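Colleague: Right, I'll just put the structure down here and ask away after.
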Amino acid sequence: MRKYLPFLLIGLLCSCAENAKKPLPDADSSLTVNEQSASSTSSPLPDKIIAERTNGTVTLLDTIDGKPLVSMNDNVLLDATMPKNGWSETSIEIAVNAAQEKSMIIKKGQALTLAGKVVGKALDDLHLVTTGENMHGELTGFFFGYVQKKDIKPGSVIETALADYLRTHSGRLLPDMQPFIKQFQLENTGINAPFLEYQNYDNSVDDPSPLYRVVLVFYKNSLIGAVAARPLQLANTQSQPLERGFTAYFFNDTDQKVKEEYVKLFNNFITSVD
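In the numbering used here, the protein residues as written are 1 to 274.
Laid out in structure tokens, this is it:
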């Protein structure tokens with residue numbers, strides 16, 4: 001059911017691709033790059049957060065409490081699982097050349113790049129799990145590593161960011177929520193009318209074809225709540241379990257009939273997809 005996430009693995013035998021979006025409903029040598037020095041300090045988040053970002057210069061390990069695998073620069077995009085005991089597994093996208101694609105290995109000591117920028121350095125040989133052209137036409141590959149929760153910027157975790165955004169912004173109309181939607185590059189699902197949904201997908205480490213992670217739910221252009229696959233703490237909401245492990249969080253002022261109609265639509269859809 002996923003449409004497109006430029007930084008996720010779509011499958012071990014697939015390359016990265018971008019699917020067309022539906023319109024809004026009315027209601028072994030290293031690549032030649034410009035070297036950039038890594039900073040040990042954390043800088044502000046980018047305008048497009050998308051998902052978890054590294055918090056300063058971060059060392060990823062090959063397993064929990066394992067050996068150093070790579071050093072990643074600040075604000076590198078991650079595809080991280082939900083933390084367990086302070087650790088997340090993540091996939092990382094990096095540029096590769098033809099020799100690296102053939103060997104499926106990035107040698108120890110080589111710079112890691114993406115879009116012509118240095119994003120880190122291999123501290124050990126990296127074994128790629130898949131390669132292909134991304135949406136920008138760049139040949140890239142993915143590898144796995146483990147990152148500590150403390151090394152992820154809290155503001156890049158969408159569940160935390162959503163709770164903070166709603167706490168600091170009083171309005172819940174669609175225009176009020178557009179900055180958040182743009183920051184995390186949420187996509188319109190184009191289904192479940194008369195409701196309007198903006199969603200992102202969960203990580204592809206746990207599932208190469210992930211389901212939703214967070215869905216913002218609007219009715220008559222007003223945010224009535226959110227659906228989440230991970231724990232979410234939103235003030236002034238009531239939670240309701242949904243099918244396939246999802247939970248809906250409806251604001252207290254949402255009409256009961258509206259909630260019931262949305263729950264019915266969501267459950268019917270989510271149980272019909274792989």
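For glycine and all other residues, C-beta sits at the position ideal for the given N, C-alpha and C. It should be emphasised that the depicted structure is a prediction, and the values quoted were computed from it without experimental measurement.
Span of the alpha helix (DSSP H) holding Lys-182?
Modeller: Where Lys-182 is concerned, the enclosing alpha helix (DSSP H) stretches over 174-183.
Colleague: Between which two residues does the alpha helix (DSSP H) holding Ala-51 run?
Modeller: Run containing Ala-51: none; DSSP gives neither H nor E here.
Colleague: Is it buried or exposed, Asn-203, if we count other Cβ atoms within 10 angstroms and call 16 or more buried?
Modeller: Under this definition Asn-203 is a buried residue.
Colleague: Buried or exposed for Ala-98, please, with buried defined as at least 16 other CB atoms from any protein chain shown within 10 angstroms of its CB.
Modeller: Result: exposed.
Colleague: Report the three-state DSSP secondary structure of Asn-268 (helix, strand or coil).
Modeller: Three-state result, Asn-268: helix.
Colleague: So what's Gly-155 in DSSP terms, helix, strand or just coil?
Modeller: Helix at Gly-155.
Colleague: Where do the N-terminal and C-terminal ends of the alpha helix (DSSP H) with Lys-117 fall, by residue?
Modeller: That residue, Lys-117, is in no alpha helix (DSSP H); its beta strand (DSSP E) goes 117-122.
Colleague: Suppose contacts are defined by Cβ-Cβ distances below 9 angstroms. Is Leu-77 in contact with Ala-95 by that definition?
Modeller: The answer is no: Cβ separation not under 9 angstroms.
Colleague: Pick from Thr-130, Ala-193, Trp-87: whose alpha carbon is nearest that of Ile-106?
Modeller: When only C-alpha atoms are compared, the closest one is Thr-130.
Colleague: Extract the residue ranges of the beta strand (DSSP E) inside the segment 180-263, only unbroken runs of 3 or more that lie entirely within it.
Modeller: Within the segment 180-263, the complete beta strand (DSSP E) runs of at least 3 residues are 195-201, 212-219, 222-228, 237-241, 247-251.
Colleague: Put Thr-140 into one of helix, strand or coil per three-state DSSP.
Modeller: Note: Thr-140 maps to strand in three-state DSSP.
Colleague: On the three-state DSSP scale, how would you describe Ser-42?
Modeller: It is coil, neither helix nor strand.
Colleague: Figure out for me which residue from Arg-213, Gly-56, Asp-62 has the closest Cα to the Cα of Thr-90.
Modeller: The candidate whose alpha carbon is nearest that of Thr-90 is Asp-62.
Colleague: For Ala-27, does the three-state DSSP call read helix, strand or coil?
Modeller: Low local confidence applies: a pLDDT of 36 at Ala-27 is under 50, so the model's placement there is unreliable, and no value is given.
Colleague: Let me know if Asp-79 comes out buried or exposed under the rule of 16 or more other beta-carbons within 10 Å of its beta-carbon.
Modeller: Buried is the call here.
Colleague: Measure the C-alpha to C-alpha separation of Ser-71 and Pro-231 and round it to an integer number of angstroms.
Modeller: Between Ser-71 and Pro-231, the C-alpha separation is close to 29 angstroms.
Colleague: Got a sec? Which residues, its chain only, sit under 7 angstroms from Gln-199 by beta carbon, not counting five neighbours each side?
Modeller: Leu-186, Glu-187, Thr-189, Tyr-212, Val-214, Val-215.
Colleague: Which residues share a DSSP beta bridge with Val-147?
Modeller: DSSP, once it has assigned bridges, lists Ser-88 as partnering Val-147.
Colleague: Quick one: what does DSSP say Asp-164 is sitting in, helix, strand or coil?
Modeller: Helix, per DSSP.
Colleague: Please determine, among Lys-84, Phe-246, Leu-126, Thr-81, the residue with the shortest C-alpha to C-alpha distance to Gln-100.
Modeller: Of the listed residues, the one whose Cα sits closest to Gln-100 is Leu-126.
Colleague: Buried or exposed: Gln-256, going by 16 or more other Cβ atoms within 10 Å of its Cβ?
Modeller: By the 10 Å Cβ count, Gln-256 comes out exposed.
Colleague: Would you kindly work out how many angstroms separate the C-alpha atoms of Gly-116 and Glu-260, rounded to a whole number?
Modeller: Their backbone Cα atoms lie some 49 angstroms apart in a straight line.
Colleague: Just to confirm before moving on: does the CB-CB distance between Lys-265 and Asn-221 stay below 9 angstroms?
Modeller: Here residue 265 is Leu; the residue named in the question, Lys, does not match the sequence. It is not a contact, given that the beta carbons lie outside the stated cut-off.
Colleague: For Ala-163, which of Leu-128, Tyr-201, Leu-139, Phe-251 has the nearest alpha-carbon?
Modeller: Answer by Cα proximity: Phe-251.
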